[in-house]
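A short write-up of the structure that comes next.
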Amino acid sequence: MTWTNNLALICFAILFTQSMYVLGQVTPWSNAELADEFIKNFLASASNSGAFNEDQLADMSAIGDTLRDATDKMARSGKNSKTKLQALNMAFASSMAEIAVLEKGGQNVAKKTSAIKEAMNEAFLQTTGAENKQFVEEIGGLMETFAQVASGGNSGNGQGGY
């Protein structure tokens, strides 16, 4: 997938999940410490699942590092907003979903989807004290969309249609 396709899918995913947050819900992206803890918990659970190869786990870790930096920068600037925090959450989740579905290696897509959902649930529970089942199920749906696109569910040539 090209970056334009990735961006379009992330934007779609953000719009798709606008209804997921209720006022006052704890987000792992509200400060750098929580974000770091969430990412560590997610990566530990994903690694322990056995569904991903070393390259996939390294890519997931690199995305986590990038989002940690973004969270830290937002916190230092004092420009945290619910929308930005939600976008970070979606960016992390959709990036993990894309790595799981589109990168070769590891287990089959169904096992990877299950592992991502379980890792997200574990990370939310360990970090915020509550699972976010609706969000996790929506990420599962996003992974199904990625899988359909990857399997030729679109009629394009794989070079992007933008």
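Letter by letter, the sequence shown follows residues -24 to -1, 1 to 138 of mature numbering (1 follows the signal peptide of the UniProt record, and there is no 0).
Virtual Cβ for every residue (Gly too), placed ideally from N, Cα, C.
All of these numbers come straight from a predicted model, not from anything done at the bench.
Going by other Cβ atoms of all chains shown within 10 Å of its Cβ, with 16 needed for buried, is residue 44 buried or exposed? buried
Proximity to residue 87 [Cα-Cα], best of 11, 26, 5: 26
To the nearest angstrom, how far is it from the Cα of residue 112 to the Cα of residue 91? 11 angstroms
Helix, strand or coil for residue 56, going by three-state DSSP, please let me know. coil
DSSP three-state label for residue 109, please. helix
Report back the beta-carbon spacing between residue 76 and residue 28 to the nearest angstrom; my notes put them in contact at under 8 angstroms. 7 angstroms
For residue 51, which residues from the same chain have a beta carbon less than 7 angstroms from its beta carbon, with the 5 sequence-adjacent residues on both sides left out? 7, 8
Residue 104 versus residue 124: straight-line alpha-carbon distance, rounded: 32 angstroms
Let me know the secondary structure DSSP gives residue 104 once reduced to three states. helix
Can you name the start and end residues of the alpha helix (DSSP H) that residue 16 belongs to? 8 to 25
Among the residues of its own chain, which have a CB less than 7 angstroms from the CB of residue 17, if the five just before and after it don't count? 98, 99, 102, 103
Return yes when the Cβ of residue 70 is within less than 8 angstroms of the Cβ of residue 118, no when it is not. yes
Rounded C-alpha distance that separates residue 61 from residue 5: 6 angstroms
Residue environment, residue 22, which counts as buried when at least 16 other CB atoms sit within 10 Å: buried
Indicate the three-state DSSP secondary structure (helix, strand or coil) for residue -3 in the structure shown. In this prediction, residue -3 scores a pLDDT of 41, lower than 50, which makes its location untrustworthy; the coordinate-derived value is nonetheless stated afterwards. Coil.
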